[in-house]
Amino acid sequence: MVLLEIRLPGMNGWDVARQLQPQAAGKRPFCIAFTSFGTEADRRRSAEVGIDLHLEKPVDLGFLRRLLRRFQRIILPTETIPQEQADAHSEREPMTAVPV
Numbered sequence: 274m275v276l277l278e279i280r281l282p283g284m285n286g287w288d289v290a291r292q293l294q295p296q297a298a299g300k301r302p303f304c305i306a307f308t309s310f311g312t313e314a315d316r317r318r319s320a321e322v323g324i325d326l327h328l329e330k331p332v333d334l335g336f337l338r339r340l341l342r343r344f345q346r347i348i349l350p351t352e353t354i355p356q357e358q359a360d361a362h363s364e365r366e367p368m369t370a371v372p373v
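Residue 274 is where the sequence shown starts when you use the numbering used here, and the numbers rise one by one after that.
What follows is the structure, given as structure tokens:
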């Protein structure tokens with residue numbers, strides 16, 4: 274997972290996303306943009322360069338926590354997560370879809 278700010282000094286987040294190389298098995302990392310750029314053209318440009326989720330600031334922290342928990346469960350098998358963290362994950366809130 275790559276978290277990007279679109280407005281970066283030197284190279285913007287769109288350029289970073291465009292240059293990401295496929296990882297093992299030919300897959301690109303899941304890219305999330307956090308930005309104040311919220312027009313339809315901005316979202317379209319994000320999708321064109323491989324950004325999977327375009328989130329406009331301010332980002333809903335509850336949504337972000339749920340998203341990160343889902344990635345944690347994919348990356349770390351449950352048996353490697355300390356019990357208190359596993360218990361916290363059992364109280365899941367449904368995620369709402371955010372269009373790109």
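Cβ coordinates follow ideal geometry from the N, Cα and C atoms, glycine included. Note that the structure is predicted; figures quoted are calculated from it, not measured.
| request: Assuming Val-322 and Ala-290 form a contact by the criterion Cβ under 8 Å, report the distance between their Cβ atoms to the nearest whole angstrom. | output: Within the sequence shown, numbered from 1, the residue matching residue 322 stands at position 49. Within the sequence shown, numbered from 1, the residue matching residue 290 stands at position 17. So it is a contact: roughly 5 Å between Cβ atoms.
| message | Using beta carbons (cut-off 8 Å, strictly below), is Gly-311 in contact with chain C? | response | In the structure shown, chain C cannot be found, because there is only a single protein chain.
| Contact under 8 Å by Cβ, Arg-346 with Thr-308 | Here residue 346 refers to the residue found at position 73 of the sequence shown. Here residue 308 refers to the residue found at position 35 of the sequence shown. No, the Cβ-Cβ distance between Arg-346 and Thr-308 is not below 8 Å.
| Ordered along the chain, which non-local residues of its own chain (more than five positions away) have a Cβ less than 6 Å from that of His-327? | Taking the sequence shown and counting its residues from 1, the one referred to as residue 327 is at position 54. Only residues of its own chain outside the window of five on either side were considered, and among them Ala-306, Arg-316, Ser-319, Val-373 have a CB closer than 6 Å to the CB of His-327, listed in chain order.
| query | For Glu-329, which residues does DSSP report across the bridge? | reply | Taking the first residue of the sequence shown as position 1, residue 329 is located at position 56. Per DSSP, the beta-bridge partners of Glu-329 are Thr-308.
| message | By the three-class DSSP mapping on this structure, what secondary structure does Val-289 have? | response | By 1-based counting over the sequence shown, the position of residue 289 is 16. Residue state, collapsed to three classes: helix.
| said: Can you tell me whether Gly-286 is buried or exposed? The criterion is at least 16 other CB atoms within 10 Å of its CB, across all chains shown. | reply: Residue 286 sits at position 13 when you count from the first residue of the sequence shown. The residue is buried, with at least 16 neighbouring Cβ atoms inside 10 Å.
| field | CA nearest to the CA of Glu-329, picked from Gln-292, Pro-302, Arg-338, Gly-311 | value | Counted from its first residue, the sequence shown places residue 329 at position 56. In terms of Cα proximity to Glu-329, the closest of Gln-292, Pro-302, Arg-338, Gly-311 is Gly-311.
| Just the Cα atoms here: how many angstroms apart are Leu-341 and Leu-276? | The sequence position of residue 341 within the sequence shown is 68, counting from 1. The sequence position of residue 276 within the sequence shown is 3, counting from 1. Each residue's Cα considered, the two are about 11 Å apart.
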